[in-house]
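Numbering (this note's numbering), first residue to last: 1107 to 1237.
We put the beta carbon where it would ideally sit given N, CA and C, even for glycine.
None of these values were measured; they are calculated from a predicted model.
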């Protein structure tokens, strides 16, 4: 019984499994402080979430619905109207679907007092997911 307690809560174990799965794909999680420094983001910028960019279309996913009966994807020319994801894994799942048709990047979206700033952080390559 003590062994189970040492493994952490269910949420902690899920998060650790997700982290290991991403690291196996060469995706390393960074802190917000590291990202602000790496991309020279102003201190007043607010992180709005992860967005999916169809690179060749130069558009962002604005709406995504994928069911057994219908696949509906709407695009926006500007990131402010894009679908924003709280975590990378959710954006990646949508990005995989978009990557079936277009080169796709998962990006960080920030809003400053003057503009929206988008930073591509990961290019979805389906060869890494489907064998």
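Taking the alpha carbon of residue i as the point to measure from, which residue in the options has its own alpha carbon closest?
i            : options                   : result
residue 1230 : 1201, 1137, 1219 and 1186 : 1201
residue 1155 : 1188, 1232, 1170 and 1148 : 1188
residue 1212 : 1218, 1143, 1180 and 1196 : 1196
residue 1170 : 1203, 1115 and 1232       : 1203
residue 1138 : 1193, 1117 and 1113       : 1193
Compute the Euclidean distance between the alpha carbons of residue i and residue j, then round it to the nearest angstrom.
i            : j            : result
residue 1238 : residue 1227 : The question about residue 1238 has no answer here: the residues shown for the chain are numbered 1107 through 1237.
residue 1116 : residue 1199 : 22 Å
residue 1113 : residue 1220 : 46 Å
residue 1093 : residue 1136 : In the structure displayed, the chain extends from 1107 to 1237; residue 1093 sits before or after that span and is not available.
residue 1180 : residue 1119 : 35 Å
Throw me the rounded Cβ distance for the residue i and residue j pair, which I believe falls under 8 Å.
i            : j            : result
residue 1185 : residue 1224 : 5 Å
residue 1210 : residue 1148 : 27 Å between Cβ atoms; not a contact.
Give me, in chain order, the residues of the same chain whose beta-carbon lies closer than 7 Å to that of residue i; leave out the 5 immediate sequence neighbours on both sides.
i            : result
residue 1182 : 1165, 1166, 1168 and 1188
residue 1172 : 1203
For residue i, collect the residues of the same chain with a Cβ closer than 6 Å to its Cβ; drop the 5 residues on either side in sequence, then sort them by chain order.
i            : result
residue 1145 : 1225
Short of 8 Å in beta carbon distance, which residues of its chain neighbour residue i, apart from the five on each side in sequence? Order them along the chain.
i            : result
residue 1142 : 1149 and 1151
residue 1190 : 1154, 1155, 1156, 1157 and 1215
residue 1232 : 1202, 1205 and 1206
What ranges does the alpha helix (DSSP H) occupy inside the region 1154-1232, keeping only unbroken runs of at least 4 residues that lie completely in it? At a cut-off of 4 residues, the continuous stretches assigned as alpha helix (DSSP H) that sit fully inside the region 1154-1232 are 1194-1204.
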